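With the first letter of the sequence shown counted as 1, position 208 gets the number 221 in the numbering used here; the numbers rise by one all the way through.
Here a beta-carbon is modelled for each residue, glycine too, at the ideal position from N, C-alpha and C.
Keep in mind that this is a model prediction, so the values were computed, not measured.
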Amino acid sequence: MAQAESSRPRQASTSDDNQRQKILVTGWRKAGKSSCIKTVFQHVPVKDVPYIGITQKIEKINYDTIVPIQLWDTPSNFDIDQLDAPLGSFSTLVYVMDMQQDDSYHDAVRQAVHTIMRGYLANPAMKFSVFIHKAEALSEDYRGENYSEIQRAMTEELEDFQYSSLQAYAPHLDLSDSGVCNNIFNHMVAEIKFDMTSVHDVSLRDAWSKVLQGIMEMLPAVEALLLNFTETSGMDNSYLFDIASGVVLATDNRHRNDATMEQVTEYLSRFLQFREIYRHLAPSAAKSSPKADLEASDGPDGAQPKAWWDDEDTEAPWMTQATRLLPNTTIALWQFTPQLALVVLLRTDTWHARRGMIEYNLTFLRQGVRRILMEV
Ligand SMILES: Nc1nc2c(ncn2[C@@H]2O[C@H](COP(=O)(O)OP(=O)(O)OP(=O)(O)O)[C@@H](O)[C@H]2O)c(=O)[nH]1
Ligand SMILES: [Mg+2]
14 MAQAESSRPR QASTSDDNQR QKILVTGWRK AGKSSCIKTV FQHVPVKDVP
64 YIGITQKIEK INYDTIVPIQ LWDTPSNFDI DQLDAPLGSF STLVYVMDMQ
114 QDDSYHDAVR QAVHTIMRGY LANPAMKFSV FIHKAEALSE DYRGENYSEI
164 QRAMTEELED FQYSSLQAYA PHLDLSDSGV CNNIFNHMVA EIKFDMTSVH
214 DVSLRDAWSK VLQGIMEMLP AVEALLLNFT ETSGMDNSYL FDIASGVVLA
264 TDNRHRNDAT MEQVTEYLSR FLQFREIYRH LAPSAAKSSP KADLEASDGP
314 DGAQPKAWWD DEDTEAPWMT QATRLLPNTT IALWQFTPQL ALVVLLRTDT
364 WHARRGMIEY NLTFLRQGVR RILMEV
């Protein structure tokens, strides 16, 4: 954050590809690479997934959220040496594997390790995620078994990997030295993150949530703000969501559990179906493409594009909603920025007794998040 060149937020520079965090999505043929991207970041309904079609060439998808990203959807036969950007410029590599494909997963594991190793040698800070996809298609027992088996196979493959075969890509390392290879092996085992995913449930958004959190330099600062807000307002949990994708960008990290997370994500996606109703509120509240806001306001002659807050009316109301889920559980939502919404879970009696104070504290949280965005 400290090395920002100016006080202009990175979000304002969305027209500049170099400002985006690049995420390379690759994997075996028909593993579900395009489905993983399109259902979350391009509003493709799950029912249309079977019709996505074969990816013939690399497709770059720009997406603006707390950090502007560029997802690269790759065809199955793509050659890592033919990327039109240096491999080291990617901050994250997501490898998608089809959990159902018992017959080919050894080949996929071999390819995954090779690709990941190339990524590591090009950029030792690169983050690696393996989506073990189509999980819902298998029974629960079989699913767990395959998931562990694929992770075990990955570790074995990393152990047996001929590191010296990649010496040409590592001029500063001696890959014939077993100590060096051991260090790389230990690093990879610790750094490669696995997630079971499916387009049919929230697991896919959860996996993307970890990927996005991995590239958010400001994550600890946002988490600290959320924790402070949640504690001082007497609430159970709070989540900062990217509205258009439904991906959680940060939480207060207390009593985190998957069932609650699932409930909150489900609530958000259902609630957002009514987003149009709120279109008369803050200017961009009802829009699904925050990028359009930024691009529409690009300054002339390459001048800095305007960010949404340049013309913000701080008094204008944003989208907000509260629902009693259980007799003593209430869920409340406030839109924060054109892209972000805060969702909190709290006891219904707390909501009734302290609503005024919560909304008062919220203005500070909102200012805090805004300040962080402006500094990045
Ligand atoms: N059961 C199940 N099927 C899925 C899921 N995601 C994708 N599929 C199916 O997997 C097939 C391939 O999906 P794509 O997203 O096109 O896969 P891809 O890796 O982009 O494929 P190529 O671009 O051809 O390499 C399609 O028939 C989808 O219907 C999932 O979560 N569960
Ligand atoms: Mg594809």
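- Taking THR105 as reference, the option from MET130, PRO351 and PRO88 with the minimal CA-CA separation is MET130.
- Per DSSP, TRP347 is one residue of the beta strand (DSSP E) stretching across 342-348.
- Counting only residues of its own chain and dropping the five nearest sequence neighbours on each side, THR68 has a CB closer than 8 angstroms to the CB of LYS46, SER47, ASP86, THR87, PRO88 and SER89.
- Taking a contact to require three or more Cβ pairs closer than 8 angstroms, the stretch 339-356 and the stretch 213-231 do not qualify as touching.
- The beta carbon of TYR252 is closer than 6 angstroms to those of VAL261, THR264, VAL277 and VAL356 in its chain, skipping five residues each way along the sequence.
- In the three-state reduction of the DSSP assignment, LEU37 falls in the strand class.
- Distance from the C-beta of GLY45 to the nearest heavy atom of ligand 1 is below 6 angstroms.
- As a beta-bridge residue in DSSP terms, TYR76 pairs with ILE82.
- The closest heavy atom of ligand 2 lies less than 6 angstroms from the beta carbon of THR68.
- The C-beta separation of MET110 from VAL143 comes to about 6 angstroms, placing the pair in contact by the 8 angstroms criterion.
- One thing to note: GLY247 has its Cβ within 7 angstroms of the Cβ of THR363.
- Bounds of the alpha helix (DSSP H) holding TYR373 are 361-388.
- Between the alpha carbons of ASP187 and LEU100 lies a gap of roughly 20 angstroms.
- DSSP places ILE129 within a helical segment (H, G or I) once states are collapsed to three.
- Relative to ligand 1, ILE71 has its C-beta separated by 6 angstroms or more from all heavy atoms.
- In the three-state reduction of the DSSP assignment, ALA166 falls in the helix class.
- ASN250 is bridged by DSSP to LEU358.
- Residue pairing from DSSP leaves THR243 without any beta-bridge partner.
- Per DSSP, the continuous alpha helix (DSSP H) segment holding THR278 begins and ends at 271-284.
- By the Cβ-count criterion, THR343 is buried, with 16 or more other Cβ atoms from all chains shown falling within 10 Å of its own Cβ.
- Not a single heavy atom of ligand 1 lies less than 6 angstroms from the C-beta of ARG383.
- At least one heavy atom of ligand 1 lies less than 6 angstroms from the C-beta of PRO63.
- DSSP links PHE144 through a beta bridge to VAL109 and ASP208.
- By the Cβ rule, the stretch 236-247 does not count as touching the stretch 189-199, because fewer than three pairs are nearer than 8 angstroms.
- The C-alpha of ASP92 lies about 13 angstroms from the C-alpha of ALA125.
- For the pair PHE54 and LEU179, the Cα-to-Cα distance works out to about 34 angstroms.
- Between ALA234 and ILE385, the CB-CB gap stays under 7 angstroms.
- The beta-bridge partner set that DSSP reports for LEU353 consists of ASP255.
- Counted as a single uninterrupted DSSP element, the stretch harbouring ARG337 is not any alpha helix (DSSP H) but the beta strand (DSSP E) occupying residues 333-339.
- For the pair GLN34 and ILE82, the CB atoms are nearer than the 7 angstroms cut-off.
- In the assembly as shown, THR39 is a buried residue. Its beta-carbon has 16 or more other beta-carbons within 10 Å.
- VAL212 places its beta carbon 7 angstroms or farther from that of GLU275.
- Within 6 angstroms of the C-beta of ARG42 there is at least one heavy atom belonging to ligand 1.
- Rounded to whole angstroms, the Cβ separation of ILE65 and MET112 is 18 angstroms, and the two are not in contact under 8 angstroms.
- The distance from the Cβ of ASN374 to that of PHE254 is about 19 angstroms, inconsistent with a contact at the 8 angstroms cut-off.
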